[in-house]
Every structure is written in structure tokens, then in C-alpha cells.
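> Sequential numbering from 1 applies to the sequence shown in full-length UniProt numbering. Just so it is clear, CB atoms sit at the ideal spot from N, CA and C, and this is done for glycine as well. Given the structure is predicted, the values throughout are model-derived calculations rather than measurements.
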Amino acid sequence: MTSTPDARAALSCRGLHVARDAVPVLHGIDLAVPTGSWISLVGPNGSGKTTLLYALAGLIPSRGEVEVMGLAPRRAGRRRVARMVALMPQRPVVPEGVSARELIRLGRTPHIPRFGTESPHDHEVVESVIDRLALHDLAPRIATTLSGGELQRVVLGRALAQEPRVLLLDEPTSALDIGHQQQVLDLVDSMRRESGLTVVAAMHDLTSAAHYGERVVLLDEGRIVADGTGEDVLTVERVAEVYDARVEVLDRPDGRAVLPLREPGARA
Ligand SMILES: Nc1ncnc2c1ncn2[C@@H]1O[C@H](COP(=O)(O)OP(=O)(O)OP(=O)(O)O)[C@@H](O)[C@H]1O
Numbered sequence: 001m002t003s004t005p006d007a008r009a010a011l012s013c014r015g016l017h018v019a020r021d022a023v024p025v026l027h028g029i030d031l032a033v034p035t036g037s038w039i040s041l042v043g044p045n046g047s048g049k050t051t052l053l054y055a056l057a058g059l060i061p062s063r064g065e066v067e068v069m070g071l072a073p074r075r076a077g078r079r080r081v082a083r084m085v086a087l088m089p090q091r092p093v094v095p096e097g098v099s100a101r102e103l104i105r106l107g108r109t110p111h112i113p114r115f116g117t118e119s120p121h122d123h124e125v126v127e128s129v130i131d132r133l134a135l136h137d138l139a140p141r142i143a144t145t146l147s148g149g150e151l152q153r154v155v156l157g158r159a160l161a162q163e164p165r166v167l168l169l170d171e172p173t174s175a176l177d178i179g180h181q182q183q184v185l186d187l188v189d190s191m192r193r194e195s196g197l198t199v200v201a202a203m204h205d206l207t208s209a210a211h212y213g214e215r216v217v218l219l220d221e222g223r224i225v226a227d228g229t230g231e232d233v234l235t236v237e238r239v240a241e242v243y244d245a246r247v248e249v250l251d252r253p254d255g256r257a258v259l260p261l262r263e264p265g266a267r268a
């Protein structure tokens, strides 16, 4: 037996168990994410999506095997892992008095030598992220004064400035209007296609999850209950069973769309 859960994968875990406050939350997750692919992680509130992303990044204790770009994140050292893996949190902690540009610049920290200073390349990366996310107007603003959606785009900018090989996104568009949702998801997808970035994104919007994810992985109560294309995973019956929701599905050129339905007779 080798120590590699899956040699072809950018990211993989096998038999991953996580407990929070001594309560088991993830119960033996097996997942292999091929390099350059996008996996959408879906599931009801509390099903374990955030916990899985944090365990994959090595940011919380776990039991089982995890490997990211050939590293075991819990053992490899924070800076080394952070040069490979960026996690965009759902609820970012923003230091007081820091501008949006400075927050994005923090993404370069793992690349700057200890006691060193920013190189011209670090500066270029930060400005290119500001450019690609159209953050010029927000860059000089104090980050704590930004709206929820503005801050979400800046926090994605910090993750992209890290120039990771693997990007873990925790509900990256939950605070964004429909136009900014498209801008952000299309940008991440174009970076994936251009540079082989591997993406794992926890998403509540099942239609976006199916449109952007080559695979949709459905978690329920800390277990993977379905893993496949949007069409395979997001059926009317399964969404009813796992989410207790009424939906209709439509198959569009971009993939499956999942539309919520009102209670029958509610309009009468
Ligand atoms: N630090 C913690 N201490 C105690 N319990 C926790 C902690 N973090 C998460 N949990 C619990 O673990 C379970 C999984 O939480 P997690 O945040 O991973 O779910 P999620 O699928 O991301 O949910 P959501 O869709 O609501 O963001 C939940 O029951 C949650 O209450």
C-alpha cells in the first residue's frame, strides 16, 4: 500500500473522519479530484461542506488520509501548503484598518521569504487580480467598510493572489448579485482552463453547481450520498429526499438547471 490516496489526483482523501467539539461530523469521506477539474460540493445546511474544505486544507484535525499536490497538509507546514492551496472562507476575518488592496496583498505572504519584502512579481500578481476582478474602485477602501458582496470579491482576490494550484471555495457567491456571480464563477473557470487550477467549491445554488462543476458531489449528514454529473446527482427525487425541497429540473446546453417550485395550490 502506498501513502498516496490517488496518484493522478490534485487532491484526494480516503477514509476521512472529522469531529467538531467531539461530535463526529464527517464519517469516512473518499474523494479524488483530478488536476484541472471543478468539483461542486453541495448538500443541506450542516451536512459538512465547510468542514470537508477545512480538513482538505489541513486547517482542522482529521483522521484518515489527505493528499494535496503530493503533500499531506497536516504535516507539510503551513507556508508550503499555502503556496499550493488557497481556501476562500464563507465568513472571512478582516483585520481592522486594512485596505482592500492590502487584504489582497496578504495572499502573497506564503511566497515572500521570511524577513523578505514584496518582489515586483508579487506586486504584478496583486494588480492583475485587482484588474481581473474589476476591483480598482474598491482597492483603496478600508475592507471593513465594504458591503458583503464587495468584501466577498476582495476575499476571492486574496485567494487568487496566493496563486494556488488548488482553490477551495466556500460558497463563493452567496453574497453576490447575479452579474457578479457570473463574473466570479466565469473568472475562476477561465483560470482553471488556462492554468490547470483545480477547484472544489461548496455551493448552495444547484444550477450553478451543475453548470460549473464537471462533477457534483452531494453530502448529507457527513457522508457522500451521490457523486457524478449534475444530471446524475441532481434528480427531482434526490433533491426532494436530501433537501426536503420541491423542484423541477431542466436540461439546458450548459447543464442541468434546478428550479424551486411553490407549494401546490399556494397561489390560489
Ligand atoms: N467549530 C465547531 N464546533 C462545533 N460544531 C461545529 C463546528 N463547526 C461545524 N460544526 C457542526 O458540524 C456540522 C457541519 O457543519 P459545516 O459548517 O461543515 O456544514 P455546511 O454543510 O458547510 O453547512 P452550511 O451549508 O450551513 O454552511 C454542523 O452540524 C455544525 O453545526
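By Cβ distance, which residues of its chain are closer than 6 Å to R256, with the 5 residues on each side in sequence left out?
Excluding residues within five positions, the ones whose Cβ falls inside 6 Å are A210, G230, E231, L234, V249.
> What distance in whole Å lies between the Cβ atoms of A9 and A32, which are believed to be in contact at a cut-off of 8 Å?
Yes, they are in contact, since the Cβ atoms of A32 and A9 sit about 4 Å apart, within 8 Å.
> Would E241 be called buried (16 or more neighbouring beta carbons within 10 Å of its own) or exposed?
With fewer than 16 other Cβ atoms within 10 Å, it is exposed.
> Measuring CA to CA, which of A143, Q90, E171, T35 is closest to S12?
Considering only alpha carbons, the answer is T35.
> So, for T2: in the same chain, excluding its five sequence neighbours on each side, which residues have a beta-carbon less than 7 Å away from its beta-carbon?
Reliability of the predicted coordinates at T2 is poor, the pLDDT of 42 falling under 50, and the value obtained from them is presented with this limitation in mind. For T2, where only same-chain residues beyond five positions count, there are no Cβ hits under 7 Å.
> Measure the alpha-carbon distance for L197 versus G265 and round it to whole angstroms.
Distance between the alpha carbons of L197 and G265: 46 Å.
> Please report the residue range of the alpha helix (DSSP H) in which V125 lies.
Counting along the chain, the alpha helix (DSSP H) containing V125 begins and ends at 120–132.
> Please list, in chain order, all residues with a C-beta atom less than 5 Å from at least one heavy atom of ligand 1.
Ordered along the chain, the selected set is R20, D21, V25, N45, G46, S47, G48, K49, T50, T51.
> So, is D251 buried or exposed, given that buried needs 16 or more other C-beta atoms within 10 angstroms?
When all chains shown are included, D251 counts as exposed.
> For P260 and R246, which I take to be in contact (beta-carbon distance under 8 Å), what is that distance rounded to the nearest angstrom?
Their Cβ separation, rounded to whole angstroms, is 7 Å, which keeps P260 and R246 in contact under 8 Å.
> Exposed or buried, S37, counting other C-beta atoms within 10 Å across all chains shown (16 or more means buried)?
By the neighbour-count rule (16 or more Cβ atoms within 10 Å), S37 is buried.
> What does the alpha-carbon distance come out to for the pair L138 and L41?
In a straight line, the C-alpha of L138 is about 30 Å away from that of L41.
> Within 10 Å of its beta-carbon, does E96 have 16 or more other beta-carbons around it, so buried, or fewer, so exposed?
Per the 10 Å Cβ criterion, exposed.
> Have a look at M69, P89, M88 and flag the residue whose alpha-carbon is nearest the alpha-carbon of R80.
Comparing Cα positions, the closest option is M69.
> Mind checking who P260 pairs with in its DSSP beta bridge?
DSSP, once it has assigned bridges, lists V247 as partnering P260.
> Can you tell which of V200, E194, A134 has the C-alpha that lies nearest to the C-alpha of L151?
When each option's Cα is compared against that of L151, the closest is A134.
> Looking at the secondary structure, which residues open and close the beta strand (DSSP E) in which L218 lies?
That run of the beta strand (DSSP E) goes 215–220.
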